[in-house]
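Asker: Take a look at this one; I'll ask things after.
Protein chains: 4
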Amino acid sequence: MALLTREAKGVFAISPTPFDEDGAVDFDSLRRLVDFYESVGVTGITLLGQMGEAPKLSHDEATRIVSQVLQWTRLPVVVGVSAPGYAAMRELTSDVMAAGAAGVMVAPPNTLRTDDQIVGYYEGVAAALGDSVPLVLQDYPLSFSVVMSPKVVARIARAVPSCVMLKHEDWPGLEKISALRDFEAAGEMPRLSILCGNGGLFLDFEVERGADGAMTGYCFPEMLVDVVTGADRIEESHDIFDAHLPLLRYEQQPGIGLAVRKYVMKRRGLLASDAQRAPRGVLSSRARAEIDYLLARLGRLDKRANLVA
Amino acid sequence: MALLTREAKGVFAISPTPFDEDGAVDFDSLRRLVDFYESVGVTGITLLGQMGEAPKLSHDEATRIVSQVLQWTRLPVVVGVSAPGYAAMRELTSDVMAAGAAGVMVAPPNTLRTDDQIVGYYEGVAAALGDSVPLVLQDYPLSFSVVMSPKVVARIARAVPSCVMLKHEDWPGLEKISALRDFEAAGEMPRLSILCGNGGLFLDFEVERGADGAMTGYCFPEMLVDVVTGADRIEESHDIFDAHLPLLRYEQQPGIGLAVRKYVMKRRGLLASDAQRAPRGVLSSRARAEIDYLLARLGRLDKRANLVA
Amino acid sequence: MALLTREAKGVFAISPTPFDEDGAVDFDSLRRLVDFYESVGVTGITLLGQMGEAPKLSHDEATRIVSQVLQWTRLPVVVGVSAPGYAAMRELTSDVMAAGAAGVMVAPPNTLRTDDQIVGYYEGVAAALGDSVPLVLQDYPLSFSVVMSPKVVARIARAVPSCVMLKHEDWPGLEKISALRDFEAAGEMPRLSILCGNGGLFLDFEVERGADGAMTGYCFPEMLVDVVTGADRIEESHDIFDAHLPLLRYEQQPGIGLAVRKYVMKRRGLLASDAQRAPRGVLSSRARAEIDYLLARLGRLDKRANLVA
Amino acid sequence: MALLTREAKGVFAISPTPFDEDGAVDFDSLRRLVDFYESVGVTGITLLGQMGEAPKLSHDEATRIVSQVLQWTRLPVVVGVSAPGYAAMRELTSDVMAAGAAGVMVAPPNTLRTDDQIVGYYEGVAAALGDSVPLVLQDYPLSFSVVMSPKVVARIARAVPSCVMLKHEDWPGLEKISALRDFEAAGEMPRLSILCGNGGLFLDFEVERGADGAMTGYCFPEMLVDVVTGADRIEESHDIFDAHLPLLRYEQQPGIGLAVRKYVMKRRGLLASDAQRAPRGVLSSRARAEIDYLLARLGRLDKRANLVA
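For the record, the sequence lines run as chains A, U, C and L.
Just so we're aligned, residue 366 is where the first sequence starts under my numbering, counting upward by one.
Just so we're aligned, residue 366 is where the second sequence starts under my numbering, counting upward by one.
Just so we're aligned, residue 366 is where the third sequence starts under my numbering, counting upward by one.
Just so we're aligned, residue 366 is where the fourth sequence starts under my numbering, counting upward by one.
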């Protein structure tokens, strides 16, 4: 399987982990998801991210999920391997790279504060995982409380040659994309593939700022693909983005966002169940009605959202 | 001037503080803002909030701003008086209540952690300010890092009789509104007026959940008024809300949100300058072009956004 | 092997994990440590705590360390199993309980804020691990940023019957011990064994307040035993405690504390090497000279500290 | 009055603010304190620090306290002026410098994260206060959650010429002192006076590492003077430090530390009352008995601690 490169672009779909009502991993739904992602034109799949309920999986479950997906698809697969220590990170990385993963993604522990601490942490990651494993730097201050200035991202890019991609989910983050592309143009850092997360909330402008695409798990990845590939159809890109924004915003709520996503994916027929393992956010009947209402409104503007009730 | 009550509803506009290019308070623009707010149907005005750059004002400037606004309007005026200690809070409260303010708003210091610490803090506030000063509880975990469960809000409402309003900006927060209204229905807490902040990002559903309105500073308060007063025109409310959502989301970015707001208000002719005092977020030319683009798109759906270039 | 009970008392030594200069687990030194702990009168051993470098161990290394120690000693062994999710926690717990551990210790994830979140987390832990696994609640706000009021500890004790011990390392914490013992006397919570951590910095008074002993890793556990068993010799207890306090304080520094501890244990002949796995705190030559100086001064008051240079 | 310089040394006593039982500022006790500080050989006084209950004082009270103390003493007086915004900071600075203060001390707001944010904040402080006001940089991560690497301190020292002193209370912090002195020796930053806070918990070694003295409020400043001036009597310095360490440690507890300090100062006859304004930590009778016990033990080693019961 090809390794992740600095030239990666498009949409890497962050896959949820399907469970059945008893809490077992639902591999049938996972297969369906993978086929779906391929059918809508994503260019990669990300497994075991935070929204993949990775901490709720045993090591064996985690590696089996990765192995199965790698047997089903030829798309590059990125695997989240964040862990409190380098040892567990190395174990999982070793297993998933052997199975054919394209690279691994590492979020910073939320105790890091100074610039040097952050850079040093990623130097340690690379030393622990080995130089040959492509690394995705996850920059998500809202969730991890670690704030990386553009200069720190540039320092990491210089100091860690295996770091080839930035999962960009700073907020606000548009200027950061511009700053990084300016650094690259000035020869101050090697190029990084920049894929945007943060639920896609600013994807309409992120692409225009120079991002290579998206890495997020919004329940209609078709829209993400539309926007990322629509650089020469600006108005149409904004139209489809804006049509989805009310639902996208609703899905992006901390704590219950994954419940929203799984609920819609179940309604779309992709997941047999929207069950999560504990701890989980739960949708009230009022919340489900609100989502149904948003879907109905969206269906008028994007026929792909016309779901059978 | 009438005091704030538990029955308050509608839209309380959080006013920015206008400065001229030299950094002096621009009272002409402030007057224009107050007239504008009245003209669009807001039911109250909030001064010296975080988005009012309160910490950048001297005590004299702050009290003069409040006094002036109170001379210009008969709308109830809420004043932000958050401070690291009760002494400064009491001084400012005393001055603004004497000038005719309807109540004061207090955010929690970000060192509070346990339920008891939070409740105790607001008991201390009431003891410091006196029972006769109507108090607005500001619940904004994203900004203050203080997390109040619905039970804690209910405890504060019971323990602090002068607390009559919740500025609700938890995220996600829809279930919290429902939980509080359920508590009230069950007789477990006195009624609070609930006005929603958080930039208005969920206002479409917050009103349906039982909120009494909005307290936020979005650059088109007309839309907030439309949504809050549109309870019997659900589809139309969502239509106008959704039309504004791309811009609203852009304005709600931490750090640069106020720069966006002031830029649009300047373009609307409300502010003579979009200057902020330091420390300030600054808009790049790319950012201004993005805002202009969003305004142009919005203008097609809401003619009030058709601004002269 | 007997399970941990609410009546546990004495000193549970938190063992460091010995490594050789190449970073491999040094089982010879570990054996020596266990024999040493038994020889000085500790009543239990804690493995895989934060100071045991647990996150730097692979799952296999962690379980092998526990198995080996359990073959060498009949003392009750508590194992740290904190993990970002319940799945990994359950896996490790299952393995170490099968090997004969007396119980497991769980620290709260540092995202918990409200009282309900904290109680709910430990209810979830008990549900994940099963009711038959004795649980040690680790209350260490300085390190984990989670603040538990005495009422929250009492709620956990009531809601989670398998929780039998509190590792108490709040700071300040003397009043918390008194409050918990008062709750117990009033029948408001079941008894917990309270063993004090926080480097032992307040052990002199903690015992007088009602703690059952210590669970910490100070490099002279003999002193901890002296203080914990010296309840009827108050002055002597304080004398020996005060003699060690300068070194104890030096060892308790965040970040480099473990380096200090391993350095002294190497000088005492207990560890073949003071190596740590990355990331690690490193002692400068000035720091080592300071420790040597403190040891020399201590040696005049406690002959057990008269080490060969 | 002379301004603070980079050559400042000795002990700057952080004065508590005395209140009477009704909560009024007790100027008689304050006068007594100032006389006492002079009598024991301190080289400066710090007012309105966190331990001076500054946030509980009105602006008028704060400025009156500073004015009074400046009339009573010729020692240099540093005033804490930390505030949420530059405006209040500038107002207080202007007033106290006009009254004769030697300089002001500013702690960082706890929202700062990146190196650039921290440096930028202090550049903004200097711009707000003016270049002629000597500035003390307060580096206290345990209390403010802002972590400054030695490189950041050096950057501030270079970027802000008016910054002449570091109040050093990082923990652990010995290596930071050495690193800063090494930077100075290498010409990479201008000299800073380094006075150590953190309750004096590491003062014995801080002086040996190159600190110029202490700025803290321990209830026996005589000991601080002994240690700081005892560089040529190393053993005696450690003896007196170690004798005080059990009490010093007890006083250094967060939350109740000031209550301990005021209690001892009252027992010493320096304060008429140990009252604090709300919010306050309160000593239980058990805590007071513990302090009395520590004082009795200390009195055997340091006759200055032999207090009348």
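For glycine and all other residues, C-beta sits at the position ideal for the given N, C-alpha and C.
Take residue 553/C as the anchor and find which of 560/C, 544/C, 559/C and 561/C has the nearest alpha-carbon.
Answerer: Ranking the options by Cα distance to residue 553/C, first place goes to 544/C.
Asker: In three-state DSSP terms, what is residue 532/U?
Answerer: The answer is strand: DSSP assigns residue 532/U an E or B state.
Asker: What does the Cβ neighbour count give for residue 673/U, buried or exposed, with the cut at 16 atoms within 10 Å?
Answerer: Label assigned to residue 673/U: exposed.
Asker: Chain A partners of residue 451/C, CB-CB under 9 Å?
Answerer: Ordered by position in chain A, the residues that pass the 9 Å Cβ test against residue 451/C are 420, 421, 642, 643 and 644.
Asker: Which residues bound the alpha helix (DSSP H) around residue 630/U?
Answerer: It spans 622–632 - the alpha helix (DSSP H) in which residue 630/U sits, taken as one unbroken run.
Asker: Should residue 514/U be flagged as near chain C, meaning a C-beta pair shorter than 8 Å?
Answerer: Chain C contact via Cβ: present.
Asker: May I have the straight-line CA-CA distance separating residue 461/U from residue 492/L, to the nearest angstrom?
Answerer: Those two C-alpha atoms are separated by around 30 Å.
Asker: Please list the partners that residue 456/U has in chain L, where partner means a Cβ-to-Cβ separation under 8 Å.
Answerer: Correct list: 423 and 424.
Asker: How many angstroms separate the CA atom of residue 484/L from the CA atom of residue 647/C?
Answerer: Rounded to whole angstroms, residue 484/L to residue 647/C spans 27 Å at the Cα level.
Asker: Quick one: list the residues of chain U neighbouring residue 603/A, beta-carbon separation under 7 Å, in chain order.
Answerer: By Cβ distance, chain U contributes 662.
Asker: Roughly how many angstroms lie between the CA atoms of residue 479/L and residue 650/A, to the nearest whole one?
Answerer: Rounded to whole angstroms, residue 479/L to residue 650/A spans 42 Å at the Cα level.
Asker: Tell me where the beta strand (DSSP E) around residue 504/L begins and ends.
Answerer: Start and end: 500–504.
Asker: Quick one: residues in its chain with C-beta nearer than 7 Å to the C-beta of residue 568/U, no 5 flanking neighbours on either side, listed in chain order?
Answerer: Cβ neighbours of residue 568/U beyond the five flanking positions: 561, 579, 589, 592 and 606.
Asker: How would you label residue 601/A, buried or exposed, when you count the other beta carbons within 10 angstroms and need 16 or more for buried?
Answerer: Answer is exposed; the Cβ neighbour count stays below 16.
Asker: Between the Cα of residue 663/A and those of 611/A, 624/A and 616/A, spot the shortest distance and give me the residue it belongs to.
Answerer: Out of 611/A, 624/A and 616/A, 611/A has the C-alpha closest to the C-alpha of residue 663/A.
Asker: For residue 551/L, does the count of other Cβ atoms within 10 angstroms reach 16, so buried, or fall short, so exposed?
Answerer: So residue 551/L ends up on the exposed side.
Asker: For chain A, find out if any of its Cβ atoms is closer than 8 Å to the Cβ of residue 655/U; answer yes or no.
Answerer: Taking Cβ atoms only, chain A reaches closer than 8 Å to residue 655/U, which makes this a yes.
Asker: Beta-carbon of residue 478/C versus every beta-carbon of chain U: anything under 8 Å?
Answerer: Yes, residue 478/C lies at the interface with chain U (some Cβ there is under 8 Å from its Cβ).
Asker: Find the residues of chain U that neighbour residue 489/L, judging by a C-beta separation of less than 7 Å, and give them in chain order.
Answerer: Neighbours of residue 489/L on chain U, chain order: 643 and 644.
Asker: Can you round the beta-carbon distance between residue 414/A and residue 379/A to whole angstroms, since I take them to be within the 8 Å contact cut?
Answerer: Yes, residue 414/A and residue 379/A are in contact; Cβ-Cβ is about 5 Å, under 8 Å.
Asker: Output, in chain order, the set of chain U residues within a Cβ distance shorter than 9 Å of residue 566/A.
Answerer: Simply 614.
Asker: Taking the C-alpha atoms as reference points, what is the distance between residue 463/U and residue 452/U?
Answerer: Approximately 17 Å between the Cα atoms of the pair.
Asker: So with Cβ pairs under 8 Å, would you call residue 675/A a contact of chain U?
Answerer: Residue 675/A lies beyond the stretch modelled for chain A, which goes from 366 to 674, so this question has no answer here.
Asker: Under 7 Å Cβ to Cβ from residue 477/C, same chain only, skipping five residues before and after it: list those, please.
Answerer: Excluding residues within five positions, the ones whose Cβ falls inside 7 Å are 483, 486 and 511.
Asker: Does any C-beta atom of chain U lie closer than 8 Å to the C-beta of residue 475/L?
Answerer: Yes, its Cβ sits closer than 8 Å to a Cβ of chain U.
Asker: Assuming residue 640/C and residue 392/C make a contact with CB atoms under 8 Å, what is their CB distance in whole Å?
Answerer: Between residue 392/C and residue 640/C the Cβ distance is about 14 Å, and since that is not below 8 Å, they are no contact.
Asker: Tell me which same chain residues have a C-beta within less than 7 Å of the C-beta of residue 623/C, skipping the five on either side of it?
Answerer: Within the same chain, residue 623/C has close Cβ partners 381, 416, 641 and 646.
Asker: Please compile the residues from chain A whose C-beta is within a distance smaller than 8 Å of the C-beta of residue 539/U.
Answerer: Simply 651, 652 and 655.
Asker: Per DSSP, what kind of secondary structure is residue 412/U in: helix, strand or coil?
Answerer: Of the three classes helix, strand and coil, the one that applies to residue 412/U here is strand, per DSSP.
Asker: What ranges does the beta strand (DSSP E) occupy inside the stretch 538–599 of chain L, keeping only unbroken runs of at least 3 residues that lie completely in it?
Answerer: Segments of the beta strand (DSSP E) lying fully in the stretch 538–599 of chain L: 558–561 and 578–581.
Asker: Under 7 Å between beta-carbons, which chain U residues line up against residue 361/A? List them in chain order, please.
Answerer: The structure shown has nothing for residue 361/A, since chain A only spans 366 to 674.
Asker: Mind listing the chain A neighbours of residue 618/U? Cutoff is C-beta to C-beta under 9 Å, in chain order.
Answerer: Per Cβ cutoff of 9 Å: 536, 537, 538, 539 and 567.
Asker: For residue 521/L, list the residues DSSP reports as bridge partners.
Answerer: Looking at the DSSP assignment, residue 521/L forms no beta bridge with any residue, so it has no partner.
Asker: Please check if any C-beta of chain A sits within less than 8 Å of the C-beta of residue 469/L.
Answerer: Not closer than 8 Å to any Cβ of chain A, the Cβ of residue 469/L fails to qualify, so no.
Asker: With a threshold of 8 Å between beta-carbons, can residue 484/A be considered close to chain L, or not?
Answerer: Judged by the 8 Å Cβ criterion, residue 484/A is not in contact with chain L.
Asker: Put residue 652/A into one of helix, strand or coil per three-state DSSP.
Answerer: In this structure, residue 652/A counts as helix in the three-state DSSP scheme.
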